[in-house]
Structure formats: C-alpha cells, structure tokens
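Visitor:
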Amino acid sequence: MTVIVDFTNEWKQYIEHEIASQGYAVDTGEDLRSLSYKFFNLKRRRISVTPRNVLEAQTFSCPATLVNGYALLKKKLEDGHDVCPHLSKFLLRDDYEDPLLNDWGIHHFHLGQNPDKSGFIERTGPLLFAHVTVDSVFCLGVYPHGSWTQQDLIRVIHENWPDVISAKKINGIIGLSHTPTDDEIAQLRQAGVQTMVQVAPGVVYAPLGGGYSTAGTSVESTMRVNWYMRLLRNLEDHIKANTEKFTARITELGYTHGSPPSFALMIDDKGFFAVEKSSGVAFLVHPHAG
C-alpha cells in the first residue's frame with residue numbers, strides 16, 4: 050500500500066522550532082546533521098526547567114560574600130525556575146563548545162543576585178561547580194574562576210556520590226602510567242586530546258561528560274545525533290512495512306484515513322507518535338527511554 054511519510058524533514062522542522070524558541074537564529078539551509086548537533090548540544094548546555102534536589106558535598110563551603118547569591122540559585126533549582134541566567138554568557142552562542150561540560154559533565158554557575166542589562170545574573174569571580182542530572186544537582190564547591198581542569202572536581206564527586214558516576218569508572222585497572230597535572234589537562238584539552246582522571250590509587254574515571262573530539266565537539270551530542278538519525282529512518286520503515294495494520298486500526302476506531310494515508314511526526318513528553326493526517330489518529334511508535 051502506498052503511504053506518505055517523511056519523518057526526517059518533520060524532525061528538521063521540529064528542531065528548528067525548538068532552537069528558535071530559545072531565542073537563537075535558525076538557518077533553514079543548514080544541513081540536518083549539523084542542526085541536530087546544535088539542538089542536542091544546546092540541550093546539554095542549558096539547564097531544563099524542573100524542580101531538582103540540591104545536594105552539597107561534605108566539604109562544601111561558600112564565601113560569606115556569596116552566600117545570598119548561592120541561596121538564590123539554590124532556591125531556583127529546588128523550585129524548578131530557570132537558572133540559565135546564572136550560566137556563562139557563552140550560552141548566547143549556539144555554536145559554543147563548553148570544554149568542562151563536554152569533558153567532565155560539570156556546569157558552573159555565577160552567584161550574583163541581580164540581572165544585568167543582558168538578563169544574565171551579575172558575574173562573580175568565584176563560581177559554583179556542580180554536576181547536574183535530570184532530578185538532582187550535586188554541588189561540589191565554590192572555586193575560583195578558571196578552575197576548569199582541577200581534578201579535585203572529579204575527586205569530590207567520587208568521594209561523595211560514587212554511585213552517580215559508577216558507569217564511568219574504569220574497572221580492572223591498576224592506575225595510569227602517568228597522572229597528568231591540572232595544567233597538563235588544560236593543554237591536552239586545548240589540543241583535543243582526551244584524558245582520564247585518577248582520583249585514588251586504582252580508581253580511574255573516563256570522561257564523565259562523554260568526552261570531546263579532536264575538534265572539541267561533544268562526543269555525547271554526536272552520538273545522540275547518530276542515534277536519532279537511525280531512529281527516524283527505522284520509524285519511517287516501520288510505518289511503510291505496517292501501513293495496512295495502521296489503516297485497519299483507524300477504520301476499527303471509526304475514522305477515515307487518507308488515500309493514500311499520510312503520516313506526520315509528533316513528539317511530546319511520552320515519545321514519538323505517527324499521526325495519520327486525515328483521521329487525526331495518533332500511534333505511539335517509540336516511547337522516550339525511562
């Protein structure tokens with residue numbers, strides 16, 4: 050049976066809309082892979098608006114001059130308010146690569162209290178370094194600006210919440226033949242050379258943030274692009290191979306499908322849906338993980 054389905058193009062329209070809704074300019078002529086990478090990289094860099102548990106390392110402390118700013122940020126995180134104004138102003142650039150996030154999966158937050166003319170919270174020298182997950186924020190400490198390669202950051206996560214990063218622990222290893230210094234890691238990052246971190250004898254971690262390519266791009270974002278490209282092709286093939294089953298179900302429900310049937314892609318919090326345009330009947334064809 051003939052069927053009209055073009056999920057790849059509709060995915061492009063979806064991510065163009067999502068990127069534009071965040072205030073970024075969209076070049077409709079940009080190729081799909083590049084646009085998809087930009088979409089996922091922005092999602093990694095921005096903190097989604099949802100309530101989170103805020104946990105502090107046992108060694109956590111905040112300078113007295115920044116206590117109020119930290120309290121403001123903490124409440125926003127707990128209440129599920131937008132905390133992106135506390136992030137780096139590089140967030141205004143949709144093509145920026147955050148080396149600390151790409152390598153170690155750690156965000157840094159400014160601890161000012163009032164927004165400036167750009168809408169960002171006033172900048173502070175010392176910054177809060179934290180590992181952010183879907184439902185929690187693990188506050189490592191307040192470090193000087195520029196502490197992007199302090200291996201102590203990984204050590205703090207390991208000593209306080211080892212289960213959170215256990216998937217990145219390299220088992221069956223005695224240790225690194227050479228343990229790079231913080232300065233060496235900075236030089237290697239700049240050269241696009243990936244490093245592992247040893248936090249204790251025999252305790253070595255792969256990049257918590259998924260790592261980066263020689264061009265400095267996020268490996269995790271690139272892998273997500275590849276995964277979604279395969280998914281879209283598979284979903285299109287699934288619709289084509291099962292068109293008669295879908296149309297039969299539409300008829301059973303008392304609706305009339307198009308001739309030929311035409312399916313559109315719809316994405317919501319539950320997952321990916323194939324919507325037959327004439328009948329409006331939606332089929333969940335791939336739920337989101339978890």
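Here the numbering used here is used: the first residue of the sequence shown is 50, the next is one more, and so on.
Don't be surprised by glycine CBs; every beta carbon is placed ideally from N, CA and C.
Per DSSP, PRO164 forms a beta bridge with which residues?
Guide: DSSP, once it has assigned bridges, lists ILE170 as partnering PRO164.
Visitor: Please classify VAL183: is it buried, with 16 or more other beta-carbons within 10 angstroms of its beta-carbon, or exposed?
Guide: VAL183 is exposed by the Cβ-count criterion.
Visitor: Can you list, in chain order, the residues of its chain whose CB lies under 7 Å from that of PRO100, leaving out five sequence neighbours each side?
Guide: Answer for PRO100: GLU127, ASP128 and GLY129, listed in chain order.
Visitor: List the DSSP bridge partners of ASN102.
Guide: Its beta-bridge partners are SER185.
Visitor: How big is the Cα-Cα spacing for ARG20 and GLY78?
Guide: With the chain running from 50 to 339 in the structure shown, residue 20 is simply not present.
Visitor: Could you give the uninterrupted runs of the alpha helix (DSSP H) lying entirely in the region 285-327, keeping only those of 4 residues or more?
Guide: Here the runs fully enclosed are 292-301.
Visitor: With DSSP as the reference, label PRO343 as helix, strand or coil.
Guide: Outside the modelled stretch of the chain, which goes from 50 to 339, sits residue 343, for which no answer is possible.
Visitor: Enumerate, from N- to C-terminal direction, the unbroken alpha helix (DSSP H) stretches of 4 or more residues contained entirely within the region 56-131.
Guide: Segments of the alpha helix (DSSP H) lying fully in the region 56-131: 56-70, 81-94 and 116-128.
Visitor: Let me check understanding here. Comparing Cα to Cα, which of GLY174, VAL252 and HIS306 lies closest to LEU136?
Guide: Nearest C-alpha to LEU136: GLY174.
Visitor: Ends of the alpha helix (DSSP H) at LEU149?
Guide: Per DSSP, LEU149 belongs to the alpha helix (DSSP H) from 148-153.
Visitor: Using 7 Å as the threshold, is the C-beta distance between ALA323 and PHE312 below it?
Guide: Contact: yes.
Visitor: Do GLY320 and PRO310 count as a contact pair if the criterion is CB distance below 7 Å?
Guide: Contact: no.
Visitor: In the DSSP assignment, what are the bridge partners of HIS180?
Guide: In DSSP, HIS180 forms a bridge with PHE187.
Visitor: State buried or exposed for LYS166, treating a residue as buried only when at least 16 other CB atoms are found within 10 Å of its CB.
Guide: Result: exposed.
Visitor: Flag this pair as touching only if the region 266-276 and the region 82-95 have three or more C-beta atom pairs under 8 Å; answer yes or no.
Guide: The region 266-276 vs the region 82-95: in contact.
Visitor: Out of MET315, LEU225, GLN62 and GLY307, point me to the one whose CA is closest to ILE53's CA.
Guide: Among MET315, LEU225, GLN62 and GLY307, the Cα nearest to that of ILE53 belongs to GLY307.
Visitor: Which residue from ASN283, PRO164, PRO148 and SER110 puts its Cα closest to that of VAL132?
Guide: Checked all of ASN283, PRO164, PRO148 and SER110; the closest Cα to VAL132 is PRO164.
Visitor: Name, in chain order, the residues that DSSP records as bridge partners for LYS218.
Guide: According to DSSP, which records beta bridges pairwise, LYS218 is partnered with TYR254.
Visitor: Assuming VAL253 and ILE222 form a contact by the criterion Cβ under 8 Å, report the distance between their Cβ atoms to the nearest whole angstrom.
Guide: Their Cβ separation, rounded to whole angstroms, is 5 Å, which keeps VAL253 and ILE222 in contact under 8 Å.
Visitor: State the CB to CB distance for the pair HIS159 and ARG172, rounded to an integer number of angstroms; the pair is presumed to be in contact (CB under 8 Å).
Guide: Confirmed, about 5 Å.
Visitor: To which residues of the same chain is LEU225 closer than 8 Å at the C-beta, ignoring the five residues directly before and after it?
Guide: Same-chain partners within the cutoff: MET245, GLN247 and VAL253.
Visitor: Measuring CB to CB, does GLU67 end up less than 7 Å from VAL75?
Guide: No. Outside cutoff.
Visitor: By a C-beta neighbour count over all protein chains shown, 10 Å radius and 16 as the cutoff for buried, is PHE139 buried or exposed?
Guide: With fewer than 16 Cβ atoms within 10 Å of its Cβ, PHE139 is classed as exposed.
Visitor: On the DSSP letters alone, give me the boundaries of the alpha helix (DSSP H) that GLN239 sits inside.
Guide: Start and end: 231-239.
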